[in-house]
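Each remark here refers to the structure printed beneath this line.
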Amino acid sequence: MVETSQKKKMYSIVYQRKRISALLPENPRKGICRACKRSRAKGEITQTQLHHTSYAYSIGTVKRNPVLAFENTVETDYPCHRIFDAFREILDKTNIERVVGVLRVLPPSQQEKFKEIAKRFIS
Ligand SMILES: [Zn+2]
Numbered sequence: 015m016v017e018t019s020q021k022k023k024m025y026s027i028v029y030q031r032k033r034i035s036a037l038l039p040e041n042p043r044k045g046i047c048r049a050c051k052r053s054r055a056k057g058e059i060t061q062t063q064l065h066h067t068s069y070a071y072s073i074g075t076v077k078r079n080p081v082l083a084f085e086n087t088v089e090t091d092y093p094c095h096r097i098f099d100a101f102r103e104i105l106d107k108t109n110i111e112r113v114v115g116v117l118r119v120l121p122p123s124q125q126e127k128f129k130e131i132a133k134r135f136i137s
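For my numbering, count along the sequence shown from 1 and bump the result up by 14.
As C-alpha cells, this is what we get:
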C-alpha cells in the first residue's frame, strides 16, 4: 500500500466562479501576499486568496481533475488581488491596440501614473 496520500488534506479554491476542492500534499496558502509581502502571521492581513494568472482548463476538465484548479495561481491579499485581476483582463483577453486606445483617452493624471508604473517595472 502506498502511504503518500495519507498526508494530503482537502483544500478548496474558486475556479471560474465554481468552488473546487482537491486533496493536496500541502496547503497552497502560506499566508503571505507574493506581491506586497504582507503577512497573516505578522497581523498585517487577515487572509490571503489564490489568484489565477490564467485559466488554462475548462471547468469540466477541472471538475474531473480538481488538482488542476490550483495551477497558475499566486497567493495574494485582497488589494493586490484586485490589481492582478485587472492585469489579467488587460494582458490575457485584450489585444494591444485596444489597450493602447484606452490608455490614450485616460485622464492625463492616470496616463502619467501608468507611465511611472511602466518606468519602474522596466528599470
Ligand atoms: Zn499584497
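Glycine included, each C-beta is placed from N, C-alpha and C at the ideal position.
Below 8 Å on the Cβ atoms is my contact criterion, and I expect residue i with residue j to pass it. Report the Cβ-Cβ distance as a whole number of Å.
i: C50; j: D99; result: The pair is not a contact, with the Cβ atoms about 15 Å apart (cut-off 8 Å).
i: A83; j: Y29; result: 4 Å
i: V88; j: A36; result: 18 Å between Cβ atoms; not a contact.
i: K21; j: P39; result: 6 Å
i: F128; j: L117; result: 6 Å
i: Q61; j: H95; result: Incorrect: roughly 10 Å between the Cβ atoms, too far for contact.
i: I59; j: R48; result: That pair is no contact at about 12 Å.
i: I97; j: K32; result: At roughly 23 Å, the Cβ-Cβ gap does not stay under 8 Å, so I97 and K32 are not in contact.
Tell me the residue span of the beta strand (DSSP E) that contains residue i.
i: V88; result: T87 to T90
i: L117; result: L117 -> not in any beta strand (DSSP E); alpha helix (DSSP H) instead, spanning I110 to V119.
i: L64; result: Q63 to H66
What is the residue span of the alpha helix (DSSP H) that residue i lies within?
i: Q124; result: P122 to I136
Grouping DSSP H, G and I as helix and E and B as strand, with all else coil, what is residue i?
i: K77; result: helix
i: G83; result: In the sequence under discussion, the amino acid at residue 83 is Ala, which differs from the Gly named in the question. Here A83 sits in helix by DSSP.
i: R54; result: coil
i: A100; result: helix
- Message: In chain order, what are the residue ranges of uninterrupted beta strand (DSSP E) at least 3 long that sit wholly in the stretch 15-52?
- Response: List check, beta strand (DSSP E) in window: 23-29 and 32-38.
- Message: Below 8 Å, how does it come out for the stretch 96-114 and the stretch 58-67: are there three or more Cβ pairs, yes or no?
- Response: The stretch 96-114, when compared against the stretch 58-67, does touch it at the 8 Å Cβ threshold.
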